[in-house]
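Undergrad:
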Amino acid sequence: MSASCKLRIAWFSPLAKDGETSLSAYATETLLPYLTDRFEIELFHDSFFSHKSYPTYHYLNAFLRDKERPFDLFFYQLEDAPCTKFVRMHLGLMPGVTWFHHFFLSDDGPEPILNSGWQDTVELFSGKRTDWPERGKEYTRPGPQAYREAGLSFASLFSLERDHGEYERLVTHKLLAESDNRQSFFLPLPVSDEIFSCRNQQSTSARNPFRVGYFGSPRIEHRAHKVLQALTEGYEQEVQLHWVVPEQELAIAKERLSEFDLDAVLYPQATPEQWKQLLPEIDCALHPLFSVFGQPGAPLAMSLAAGVPTLVTGFGNTERLVDEVACKIEPGSREVTQIASALRQLMKRPRPLLNQEAQAFAREMYDARVIAAQLGDTFEHLVRGEESYLPQAMNRWRELEQDAAASLQSEVSSFLPSSLWEGEDGKLLQPVFEELGWSAKGGAS
49 MSASCKLRIA WFSPLAKDGE TSLSAYATET LLPYLTDRFE IELFHDSFFS HKSYPTYHYL
109 NAFLRDKERP FDLFFYQLED APCTKFVRMH LGLMPGVTWF HHFFLSDDGP EPILNSGWQD
169 TVELFSGKRT DWPERGKEYT RPGPQAYREA GLSFASLFSL ERDHGEYERL VTHKLLAESD
229 NRQSFFLPLP VSDEIFSCRN QQSTSARNPF RVGYFGSPRI EHRAHKVLQA LTEGYEQEVQ
289 LHWVVPEQEL AIAKERLSEF DLDAVLYPQA TPEQWKQLLP EIDCALHPLF SVFGQPGAPL
349 AMSLAAGVPT LVTGFGNTER LVDEVACKIE PGSREVTQIA SALRQLMKRP RPLLNQEAQA
409 FAREMYDARV IAAQLGDTFE HLVRGEESYL PQAMNRWREL EQDAAASLQS EVSSFLPSSL
469 WEGEDGKLLQ PVFEELGWSA KGGAS
């Protein structure tokens, strides 16, 4: 491959659809405009829809496309959502570079990967063992972290610093062999440029009511019970709640509002696009989350980029934010008091409220042009860098596949008649043999 040729990338991601909240689809839509001139990218997803701007294929066609015109890199995005189950299946067949938006996964994955021998595969690939295990072994996931998916990724990216730390602790230092030099990086979700100026035209006159934007589920993890209770506290100004809530949980949100005798403007599409439209209209943003699963995601980054005064839960990844960037609320008995106190302090300040420190932080951390450049540089480094780690890893993986095919055929040959490999039966089964990497003579091809 010439150094002047564009890298060919198989990009696995769900497509953006109205009303869906996929972090992967959001990142894809935000970054691809900056990457398509630099790389030759084909999109793979699990439906038969096409993208209006990019070549799009069902993920089951990925191997055929690779055979016709080989890809230099398979790129996956993974999150704790049904929309990326196809990613969890395919990366076990062709590992590549995986961008983890969630490293903690709430289920074991789709049925085809349940009880897969991923630990043995990872150990064989990384050199911790040299022989294939006996059949009948039970495989389980040792914890909620994405052990299997991380172990089967040649390189890993993380949109949360906390998750990157977990990967280094559990995968780099425990799961992989010491000689396995695969790399990992922190790469946050991007924010498009127009978000940084979306509130520039906001009126300088004090507005009444004081508008609170809340992005979250009505369930306990997003602290709805604490937020709504805090809004019942007495304020000098009228407070108006603008709540962006998942459509499937709209009825629950209405029940919660009724419990606290509150009114709210509800937006039943919990998407970054919906939050983007709301940002110029609100005086502060609430992004609470108290759970090891999930993340505040792109809406939090967008709030900081827009300079909206922002309240977060002081837990997990958001605990790392400095006080000048966001107000951290301690989960627990003081939560309601702290939320109410923060709102009162904001109401005393002149409008429009603009957190320039948060904007400067967001520009450095989340700027889509910078994130796209960093992702592109990572692709180039892994494929064309001095160590050329990715081509070497892919060659090792193909050798492992051939070894596995030979081992399986040897086992099968011991109890199946020789006629299956020869004569008319062999001709009939030749396509199956080829797919399995077998030859009709009884040896791995």
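Each residue of the sequence shown is one higher than the one before, starting from 49 at the first, in the working numbering. C-beta atoms are modelled at their ideal positions from N, C-alpha and C, and glycine is treated no differently. As the structure is a prediction and not an experimental result, all values here were calculated from the model.
With a cut-off of 8 Å, do at least 3 Cβ pairs link the region 373 to 389 to the region 288 to 304?
TA: At 8 Å Cβ cutoff, the stretches do not touch.
Undergrad: I need the boundaries of the alpha helix (DSSP H) containing Ile300, first residue and last residue.
TA: To locate residue 300, count along the sequence shown from 1; it is residue 252. From DSSP, the alpha helix (DSSP H) with Ile300 extends over 298 to 307.
Undergrad: For a quick check, are the C-beta atoms of Val145 and Phe123 less than 9 Å apart?
TA: If you number the sequence shown from 1, residue 145 lands on position 97. If you number the sequence shown from 1, residue 123 lands on position 75. Result yes, Cβ atoms of Val145 and Phe123 sit closer than 9 Å.
Undergrad: By alpha-carbon positions, which one of Leu205, Glu459, Pro118 ends up nearest to Arg230?
TA: The residue you call residue 230 lines up with position 182 of the sequence shown. Of Leu205, Glu459, Pro118, the residue nearest in Cα terms is Leu205.
Undergrad: Out of Glu226, Gly261, Leu162, Ala374, point me to the one whose CA is closest to Leu326's CA.
TA: One-based indexing of the sequence shown puts residue 326 at position 278. Ranking the options by Cα distance to Leu326, first place goes to Gly261.
Undergrad: Do Ala354 and Phe258 have their C-beta atoms within less than 9 Å of each other?
TA: In the sequence shown, the residue the question calls residue 354 occupies position 306. In the sequence shown, the residue the question calls residue 258 occupies position 210. Not closer than 9 Å, so no.
Undergrad: With distances taken between CB atoms, is the gap from Leu126 to Ser72 smaller than 9 Å?
TA: Taking the sequence shown and counting its residues from 1, one reaches residue 126 at position 78. Taking the sequence shown and counting its residues from 1, one reaches residue 72 at position 24. Closer than 9 Å, so yes.
Undergrad: Leaving aside the five residues before and after Gly191 along the sequence, list all residues of the same chain whose C-beta is less than 6 Å from its C-beta, in chain order.
TA: Taking the sequence shown and counting its residues from 1, the one referred to as residue 191 is at position 143. Nothing meets the Cβ criterion.
Undergrad: Report the rounded CA-to-CA distance for Gly282 versus Leu153, giving the unit in angstroms.
TA: The sequence position of residue 282 within the sequence shown is 234, counting from 1. The sequence position of residue 153 within the sequence shown is 105, counting from 1. Spanning the two alpha carbons is a distance of roughly 40 Å.
Undergrad: What are the complete beta strand (DSSP E) segments, minimum 3 residues, inside the region 107 to 184?
TA: Counting whole runs of 3 or more residues, the region 107 to 184 contains the beta strand (DSSP E) stretches 121 to 126, 145 to 148.
Undergrad: For Asp415, list the residues DSSP reports as bridge partners.
TA: Taking the first residue of the sequence shown as position 1, residue 415 is located at position 367. Note: Asp415 sits in a beta bridge opposite Val239.
Undergrad: Apart from the five residues just before and just after Leu63, which ones in its own chain have a Cβ nearer than 8 Å to its Cβ?
TA: Looking up residue 63 in the sequence shown gives position 15. So the list reads Ala73, Thr76, Leu91, His93, Ser95, Phe97, His99, Thr104, once near-sequence residues are dropped.
Undergrad: How would you label Gly175, buried or exposed, when you count the other beta carbons within 10 angstroms and need 16 or more for buried?
TA: As a position in the sequence shown, residue 175 is number 127, starting the count at 1. Result: exposed.
Undergrad: Could you tell me the alpha carbon to alpha carbon distance between Pro118 and Met442, rounded to whole angstroms?
TA: As a working mapping, residue 118 is identified with position 70 in the sequence shown. As a working mapping, residue 442 is identified with position 394 in the sequence shown. For Pro118 and Met442, the distance between alpha carbons rounds to 12 Å.
Undergrad: Would Ile268 and Phe338 qualify as a contact pair, given that the criterion is a beta-carbon distance under 9 Å?
TA: Here the question's residue 268 lines up with position 220 in the sequence shown. Here the question's residue 338 lines up with position 290 in the sequence shown. It is a contact, given that the beta carbons lie within the stated cut-off.
Undergrad: Looking at Gly264 and His270, is the spacing between their C-beta atoms short of 9 Å?
TA: By one-based count along the sequence shown, residue 270 stands at place 222. By one-based count along the sequence shown, residue 264 stands at place 216. Cβ distance < 9 Å, so His270 and Gly264 count as in contact.
Undergrad: According to DSSP, which residues form a beta bridge with Ala333?
TA: As a first step, residue 333 is located in the sequence shown; it is residue number 285 there, counting from the start. According to DSSP, which records beta bridges pairwise, Ala333 is partnered with Gly261, Thr358.
Undergrad: Which of the three DSSP states, helix, strand or coil, is assigned to His502?
TA: With the chain covering 49 to 493 only, the question about residue 502 has no answer from this structure.
Undergrad: Count the CB pairs spanning the region 197 to 217 and the region 359 to 368 that are closer than 8 Å, and state whether there are at least three.
TA: Yes: the two stretches touch, three or more of their Cβ pairs being nearer than 8 Å.
Undergrad: Taking all protein chains shown into account, decide if Val373 is buried (16 or more other Cβ within 10 angstroms of its Cβ) or exposed.
TA: Indexing the sequence shown from 1 puts residue 373 at position 325. That one is buried.
Undergrad: Does the separation of the CB atoms of Pro479 and Ala406 fall below 9 Å?
TA: The residue given as residue 479 occupies position 431 in the sequence shown. The residue given as residue 406 occupies position 358 in the sequence shown. No, the pair does not count as a contact, with Cβ atoms beyond the cut-off.
Undergrad: In terms of DSSP beta bridges, what is Leu326 paired with?
TA: Counting from 1 along the sequence shown, the entry for residue 326 is found at position 278. According to DSSP, Leu326 bridges with nothing at all.
Undergrad: Just list the alpha helix (DSSP H) runs in the region 436 to 462, keeping only unbroken ones of 4 residues or longer that don't cross its boundaries, in chain order.
TA: Counting only runs of 4 or more, we get 437 to 461.
Undergrad: For Arg267, which of helix, strand or coil comes out of DSSP?
TA: Here residue 267 corresponds to residue number 219 of the sequence shown, with the count starting at 1. Correct three-state label for Arg267: coil.
Undergrad: Identify whether Thr69 lies in helix, strand or coil by the three-state DSSP scheme.
TA: In the sequence shown, counting from the first residue as 1, residue 69 sits at position 21. Coil, per DSSP.
Undergrad: From Asn248, Leu348, Glu186, Thr169, pick the residue whose C-alpha is nearest to that of Thr178; which is it?
TA: Taking the sequence shown and counting its residues from 1, one reaches residue 178 at position 130. Of the candidates Asn248, Leu348, Glu186, Thr169, the one whose C-alpha sits nearest the C-alpha of Thr178 is Thr169.
Undergrad: Do you know how far the Cα of Asp228 is from the Cα of Ala30?
TA: No information on residue 30 is available, as it lies outside the stretch 49 to 493 that the chain covers here.
Undergrad: Measuring straight from C-alpha to C-alpha, what distance separates Val340 and Ser70?
TA: As a first step, residue 340 is located in the sequence shown; it is residue number 292 there, counting from the start. As a first step, residue 70 is located in the sequence shown; it is residue number 22 there, counting from the start. Roughly 18 Å between the two C-alpha positions.
Undergrad: Find the nearest neighbour of Pro328 within the set Trp291, Trp445, Thr84, Cys246, judged by alpha-carbon distance.
TA: As a working mapping, residue 328 is identified with position 280 in the sequence shown. Residue Cys246 is the option with its Cα nearest to Pro328.
Undergrad: Taking C-beta to C-beta, are Ala194 and His150 nearer than 9 Å?
TA: Working through the sequence shown from its first residue, we reach residue 194 at position 146. Working through the sequence shown from its first residue, we reach residue 150 at position 102. Contact flag set, yes.
Undergrad: Can you find the residues in the same chain that come closer than 6 Å, C-beta to C-beta, to Pro548, ignoring five residues on each side of it along the sequence?
TA: With the chain represented from 49 up to 493, any question about residue 548 goes unanswered, as that position is not in the structure.
Undergrad: For a minimum of 3 consecutive residues, which ranges assigned as the beta strand (DSSP E) are wholly contained in the region 366 to 418?
TA: Within the region 366 to 418, the complete beta strand (DSSP E) runs of at least 3 residues are 375 to 377.
Undergrad: Kindly indicate which three-state DSSP category Trp59 falls into: helix, strand or coil?
TA: By one-based count along the sequence shown, residue 59 stands at place 11. Three-state DSSP puts Trp59 in a strand.
Undergrad: How far does the alpha helix (DSSP H) with Val275 in it extend, from its first residue to its last?
TA: Numbered from 1 along the sequence shown, position 227 holds the residue referred to as residue 275. Run containing Val275: 272 to 279, per the alpha helix (DSSP H) assignment.
Undergrad: From the DSSP secondary-structure annotation, give me the bridge partner or partners of Leu232.
TA: In the sequence shown, the residue the question calls residue 232 occupies position 184. Rather than Leu, the amino acid found at residue 232 in this sequence is Ser. The partner list for Ser232 (beta bridge, DSSP) reads Ser204.
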